[in-house]
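In our numbering, the protein residues as written are -5 to 397.
One structure is given below, encoded as structure tokens.
Structure, rendered in structure tokens:
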């Protein structure tokens, strides 16, 4: 393969990694290590399956749909497809993922600033920075892949090294192997990376189209090859980071096991690096969260502009609406947001997994059934997690009054 293509593949792989790697990709691998303990390897298999392999299958599926997520979702029908798209946009956008990123960034910074920086002020500053990066969307891949990804990996490597040398035994777990695997597999849903790959694919593919020669973009095999190798690079990087974070949890997180995921991560890392490592810690989290929220904001704003308002609102106005909404939602703080999102994700994620593999099988082998498998999956997931979500919606009234 030409050096030009090799450079493009590496840049694209780093961009995919950076766009996917946000707050959830930090806090949930740590949780895997804490609950899995000396069986962390088993836990990582389940987590990597749902958190990396399935999302990468989603990305490859989108290649066959030329990055057109509407065509991807419309296989279940235009009306249900649009409903599912809207739900996904709310989840990856201002309802769940974006405020979760903002609140976690604040939680990680708060121990070092005390009461000098309120959540509202931090959220506003963070959203302004996001707006600046996202506005220049043509340089999105370069800014993420060339600058932020290497800095993120460098910061994480420093923490891994310190954690390895300071390790003092591993947590012993009483959970059987199958339970460690199943719990870790379900926790992998919370990364939301399947949604990320489905909707980020349009960003990556559109930039590839603008970079490659016209005859190359019309060659499906060539495009699939570039995307598959780029996905492999991103997947390997994610797996390495997940392994490192999970083992940090297994080595150092025992005393924080009763806390929520965000506090487990914060306290464990502070235990490892201490106050002197505060700058490394803050930089790591800030970069991870910023890279992901840039991509999320771009995708959701484009959807609002083209899919909802039919170009009646400008891209800038849509950016402002999305970021203001996310800033408002972030005032609920991290704990309640995690509690609210868990059953919603548990209902939606299996549906998306089913749709992804049905679409992939359709493009590869002509497998046509899709509506019935998706409907059955929706019924099953709603049966198990619907009541929990309804109860949380009732509780949300108190949160709204608080805000």
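Ideal placement from N, C-alpha and C gives every residue a C-beta, glycine not left out.
- prompt: Three-state secondary structure (DSSP) at residue 265?
  reply: helix
- prompt: Expressed to the nearest angstrom, what Euclidean distance is found between the alpha-carbon atoms of residue 187 and residue 109?
  reply: 34 angstroms
- request: Taking only the alpha-carbon atoms, compute the straight-line gap between residue 2 and residue 251 and give it to the nearest angstrom.
  value: 42 angstroms
message: Assess contact between the stretch 255 to 267 and the stretch 77 to 90, defined as three or more Cβ pairs (one per stretch) separated by less than 8 angstroms. Is contact present?
response: no
field: the stretch 160 to 170 touching the stretch 235 to 254, judged by at least three CB pairs closer than 8 angstroms
entry: yes
task: Would you kindly report the start and end of the unbroken alpha helix (DSSP H) that includes residue 471?
output: The structure shown does not extend to residue 471, since the chain is modelled only from -5 to 397, so the question has no answer here.
- prompt: Would DSSP call residue 15 helix, strand or coil?
  reply: coil
- request: Please report the Cβ distance between residue 22 and residue 181, rounded to the nearest whole angstrom; I am assuming they are in contact, meaning their Cβ atoms lie under 8 angstroms.
  value: 5 angstroms
query: Quick one: is residue 385 buried, meaning 16 or more other Cβ sit within 10 Å of its Cβ, or exposed?
result: exposed
query: Is it buried or exposed for residue 245, if we count other Cβ within 10 angstroms and need 16 for buried?
result: buried
query: Which residue from 383, 40 and 363 puts its Cα closest to that of residue 71?
result: 363
message: Which of the three DSSP states is assigned to residue 327 in this structure?
response: coil
query: Out of 222, 176 and 320, which has the shortest C-alpha to C-alpha gap to residue 191?
result: 222
- prompt: Under the rule that 16 or more other beta-carbon atoms within 10 Å means buried, what is residue 52, buried or exposed?
  reply: buried
message: Using CA atoms only, rank isn't needed, just tell me which of 327, 14 and 243 is closest to residue 184.
response: 14
field: Buried or exposed (CB count within 10 angstroms, at least 16 for buried), residue 115
entry: exposed
field: Between the CA atoms of residue 189 and residue 82 - distance to the nearest angstrom
entry: 7 angstroms
field: Local conformation of residue 101 per DSSP, three classes
entry: helix
- request: Drop a sphere of 10 angstroms on the beta-carbon of residue 299, count the other beta-carbons inside from all chains shown, and report buried for 16 or more, exposed for fewer.
  value: buried
query: Is the distance from the Cβ of residue 146 to the Cβ of residue 281 below 8 angstroms?
result: yes
- request: Could you have a look at residue 164 and say whether DSSP puts it in helix, strand or coil?
  value: coil
- prompt: Near residue 238, which residues of its chain fall below 6 angstroms by C-beta distance, leaving aside the five closest residues on each side in sequence?
  reply: 154
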